[in-house]
Each structure stands twice: as structure tokens, then as C-alpha cells.
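Peer 1: The working numbering applies: residue 1325 is where the sequence shown begins, and numbers increase by one.
Here it is, the structure, as C-alpha cells.
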Amino acid sequence: MEFVNKTVVITGGSKGIGAACTKLFLEEGANIAILDTETPENRTEHARLIFQYCNITIEEQVKTSLKKINDNFGRIDILINNAGIQRYGAVSETSSEVWDEVMNCNLKSAYLCAHYALPYIQQQEKGVIINISSVQAFHCQKNVAAYATSKTALLGLTRSIAVDYAPYIRCVAVCPGTIDTPMLSNAIAGSADPAAMLKECEDMHLVQRIGLPSEVAELIKYLCSDKAGFITGSAIRIDGGLGITINGSKK
């Protein structure tokens, strides 16, 4: 089991994709540290699992939390920058406060966690950083100015880390399509017709369904493994074929 005795830090690991990663890496024998402000769904006690309350947009909390994790497990090998938020609005409708909120959570937090995790990862002379971006780094729906910008910027951060810390540390961006997470559930619940919105989300994908957090977690596990040792700096889409079709004549 490749991940036995390795330490995986997961931001936003309490629910959604982060929770699926927590479950999967725990099954693979890794030590898991969750950085979150919300306690995990169905929280269970485990000797290889710690929950560290941390607002990942606040530098001192990130610095202190990562030191505690390293002190507890003796090492950090993998960082999964998963935490993120979605706010809706075109540029003219997005206040500077909302813009900063999205950028801080989706982008600055990834920088802060990488900044303070990298010295610990470097001590192992091998490691992986995964940044959870989005298919909206390539395609954009309406009224997601801040979100699409933050997720696109993560691709640049990914490339920069991959270049600067090669060859021993790899960095990869994972770009999901629509995934069955609490973020999606909240967006659907707030719509005028939740059933119609869910059907629209399903129909946008060539596979005619939305993705599962466990499917994204499996991809992340592979990317963190030695089997993916030739992958770095890339943006890997797991989106059910979202956005690759062109509407028009069937002739």
C-alpha cells in the first residue's frame, strides 16, 4: 500500500470531494489531516485522522496548523487544496467584498497552504500538491465572474509550483465538472425549479449525469501515486464531457 505512513493534508476535507478523499486515503493507510472550519460529516475517531480547525484564508492559522500536523505525524507528503466557495454574479454585480471572499478562499488559501506545506514536503524529497480547480477554468457559464477567475488562476499557480519544485515535487490541477456535493445541492435548492435545474445539470454532460465525489477522489489518488509520476503541471479534467460539443446542424 503506497500511502502507508504518508501524511495527506486535505483542505475542506469535511464534506464533498474532500470527505471522499479523506475516506479513500484513510483506506489506503495514509495519515490524514483535515483543515476546515466545519467538523467532518459522520465524524469518526481514528488514530490516523486528525481534524485541525483552520480558516485557510488566515496566514497565521495556516502556518500554525501545518506545523501541528507535521509535529503530530512527523511528516507531510501530499497537500490537496480542495476548499472552495461559489458566489454568483457578473462583474458589474459582484461587490469587491464578494470578489475578495472568493479569491481568498479559492486562490489565496491554496497559495498559503502550499507556502507553508512545501518546506515540510521538501524534507521528504518527494511529494505531490493537488489543486482542485474546475471545468470553468476552460468554459464559463453566466454570472460566475469571481469563481471562474479564481479557478482559472489556480492553473497558473499549479504550473508555477510544478516548475519551481521539480523534479521531486509534482503539482497537478484537477478540474471537475458538475459533482454531487453540498455546494451543488445548495445551488439547486435555491433555484426556482430544483428538479429542472438538476436535469439541466445532468444533460450538460455527455454521460448524462453528474459526477460523484468518489470518482474525483479516485483520480486524485492516482495522481498522487507513483503510477502518475510523469504527470506534473497539467490540468486534468474529470467532467463527463462537459463543454466539448458544438450545437448546430446535424447534416
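Every residue gets a Cβ at the ideal spot worked out from N, C-alpha and C, and that includes glycine.
Could you pull out every unbroken beta strand (DSSP E) segment of at least 3 residues lying fully inside the segment 1364–1452, listed in chain order?
Peer 2: Fully enclosed beta strand (DSSP E) runs of 3 or longer: 1373–1377 and 1402–1405.
Peer 1: Classify phenylalanine 1554: buried if its beta carbon has 16 or more other beta carbons within 10 angstroms, exposed otherwise.
Peer 2: Exposed, because fewer than 16 other Cβ atoms sit within 10 Å of the Cβ of phenylalanine 1554.
Peer 1: Identify whether leucine 1530 lies in helix, strand or coil by the three-state DSSP scheme.
Peer 2: Coil at leucine 1530, not helix or strand.
Peer 1: If contact is defined by three or more beta carbon pairs under 8 Å, each pair taking one atom from either stretch, is the segment 1433–1448 in contact with the segment 1467–1487?
Peer 2: In short, these stretches touch, since the Cβ pair count reaches three.
Peer 1: Please report the straight-line C-alpha distance between histidine 1529 and valine 1459, rounded to a whole angstrom.
Peer 2: Each residue's alpha carbon lies about 12 Å from the other.
Peer 1: Relative to the alpha-carbon of valine 1468, which residue among Val1426, Tyr1492 and Asn1455 has its alpha-carbon at the smallest distance?
Peer 2: Nearest of Val1426, Tyr1492 and Asn1455 to valine 1468, Cα basis: Val1426.
Peer 1: Smallest Cα separation from lysine 1330: which of Val1531, Asn1396 and Ala1513?
Peer 2: Of the candidates Val1531, Asn1396 and Ala1513, the one whose C-alpha sits nearest the C-alpha of lysine 1330 is Asn1396.
Peer 1: Taking C-beta to C-beta, are isoleucine 1334 and asparagine 1406 nearer than 8 Å?
Peer 2: A contact, by the Cβ cut-off of 8 Å.
Peer 1: In this structure, how does DSSP classify glycine 1553 when only helix, strand and coil are distinguished?
Peer 2: Note: glycine 1553 maps to coil in three-state DSSP.
Peer 1: Based on the DSSP output, what are the partners of isoleucine 1334 in its beta bridges?
Peer 2: The partner list for isoleucine 1334 (beta bridge, DSSP) reads Ile1358 and Ile1404.
Peer 1: To which residues does DSSP link cysteine 1464 through a beta bridge?
Peer 2: None, per the DSSP bridge assignment.
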